[in-house]
Amino acid sequence: MNTMENTERVMIFIDGSNNYHILKNMINNSRKLSDFNYRKFINYITGNRRLVKVCYYNCSLDSNLNKQKYKNQQRFFEKLKRIPGFRVVLCRMQKVKIHGQTIYQVKEDDIHLAVDLIKYAYKDAYDTAVLVSSDGDFVPAILAAREAGKRIENIGYETKFSYHLQQKSDRFIKLKKQEILQLFN
-1 MNTMENTERV
9 MIFIDGSNNY
19 HILKNMINNS
29 RKLSDFNYRK
39 FINYITGNRR
49 LVKVCYYNCS
59 LDSNLNKQKY
69 KNQQRFFEKL
79 KRIPGFRVVL
89 CRMQKVKIHG
99 QTIYQVKEDD
109 IHLAVDLIKY
119 AYKDAYDTAV
129 LVSSDGDFVP
139 AILAAREAGK
149 RIENIGYETK
159 FSYHLQQKSD
169 RFIKLKKQEI
179 LQLFN
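Using the numbering used here, the letters of the sequence shown map in sequence onto residues -1 to 183.
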């Protein structure tokens, strides 16, 4: 067994909204998203390295818009919080009008993730950060973490990934649909 591999400290940063929409499109109703097993996913990512923490960034839905969806989402967040080392960072939802249509956007999730990625790098909380996102806007944050001497891995998907994240990460993993389906209950 590789000694370095066993002592390597890993933190996982999950762009929750990005991950949700990609998974939803990938599985195309072949599975229920609520059956995605984040414990399996974390174990898959971590391997036999030492997990420090998982940070999951998203926002709560508007409870007045759809009470059942809101309740389901809150149950989902509570389920995540019960996973050892799992931290759910809730950002804010903003209602905006675009071309006369009201839509809701997740706000501040990317900035919270980027700040945490850099903050924990400079606090020497991890050796390797695993970014689960296909959003190329994180490139400056991962470059800052790399300047602090940290290793960056990016998890993307065969249906959507960021070429720029792939190029700037030390390791890139492109998950295929078959691999994803094995992570469901």
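Where a beta carbon is used, it is the ideal one built from N, C-alpha and C, also for glycine.
Could you check whether residue j and residue i sit closer than 9 Å to each other, using their CB atoms as the reference points?
{"i": "Leu181", "j": "Glu151", "result": "no"}
{"i": "Arg90", "j": "Val113", "result": "no"}
{"i": "Arg47", "j": "Asn4", "result": "yes"}
{"i": "Lys93", "j": "Asp60", "result": "yes"}
{"i": "Asn16", "j": "Ser132", "result": "yes"}
{"i": "Ile178", "j": "Ile25", "result": "yes"}
{"i": "Gln71", "j": "Ser58", "result": "yes"}
My output table needs one value for residue i: the three-state DSSP class, helix, strand or coil.
{"i": "Asp108", "result": "helix"}
{"i": "Gly83", "result": "coil"}
{"i": "Leu59", "result": "coil"}
{"i": "Arg90", "result": "strand"}
{"i": "Arg47", "result": "coil"}
{"i": "Gln72", "result": "helix"}
{"i": "Lys158", "result": "strand"}
{"i": "Lys121", "result": "coil"}
{"i": "Gln103", "result": "strand"}
{"i": "Thr1", "result": "In this prediction, Thr1 has a pLDDT of 47, which is less than 50 and means its spatial position is unreliable; what the coordinates show is noted afterwards. Helix at Thr1."}
For the alpha helix (DSSP H) containing residue i, name the first residue and the last one.
{"i": "Asn152", "result": "Here Asn152 belongs to no alpha helix (DSSP H); instead the beta strand (DSSP E) covers 149 to 155."}
{"i": "Lys22", "result": "14 to 25"}
{"i": "Phe170", "result": "No alpha helix (DSSP H) contains Phe170, which is instead part of the beta strand (DSSP E) from 169 to 173."}
{"i": "Leu163", "result": "161 to 166"}
{"i": "Arg29", "result": "Run containing Arg29: none; DSSP gives neither H nor E here."}
{"i": "Leu141", "result": "137 to 145"}
How is the beta strand (DSSP E) around residue i delimited, first residue to last?
{"i": "Ala127", "result": "126 to 130"}
Less than 8 Å between the CB atoms is what I'm expecting for residue i and residue j, so what's the real figure, rounded?
{"i": "Leu21", "j": "Phe34", "result": "6 Å"}
{"i": "Ile116", "j": "Ala143", "result": "6 Å"}
{"i": "Leu63", "j": "Tyr36", "result": "Actually they do not touch by this definition, with Cβ atoms about 25 Å apart."}
Open item on the list: Three Cβ pairs or more, each shorter than 8 Å: is that satisfied between the stretch 42 to 53 and the stretch 83 to 100?
Closed with: Touching, yes, given that three or more Cβ pairs across the two stretches are closer than 8 Å.
Open item on the list: For the pair the stretch 5 to 12 and the stretch 121 to 128, tell me if three or more CB-CB distances fall below 8 Å.
Closed with: At 8 Å Cβ cutoff, the stretches touch.
Open item on the list: With a threshold of 8 Å, are at least 3 pairs of Cβ atoms found where one atom belongs to the stretch 137 to 150 and the other to the stretch 113 to 125?
Closed with: Yes, the stretch 137 to 150 is in contact with the stretch 113 to 125.
Task: Three-pair Cβ contact test at 8 Å for the stretch 31 to 42 versus the stretch 67 to 83 - done: Taking 8 Å as the limit for Cβ pairs, the verdict is that the stretch 67 to 83 does touch the stretch 31 to 42.
Task: At least three beta-carbon pairs within less than 8 Å, the stretch 131 to 145 to the stretch 154 to 173 - done: Judged by Cβ distances under 8 Å, the stretch 131 to 145 makes contact with the stretch 154 to 173, as three or more pairs qualify.
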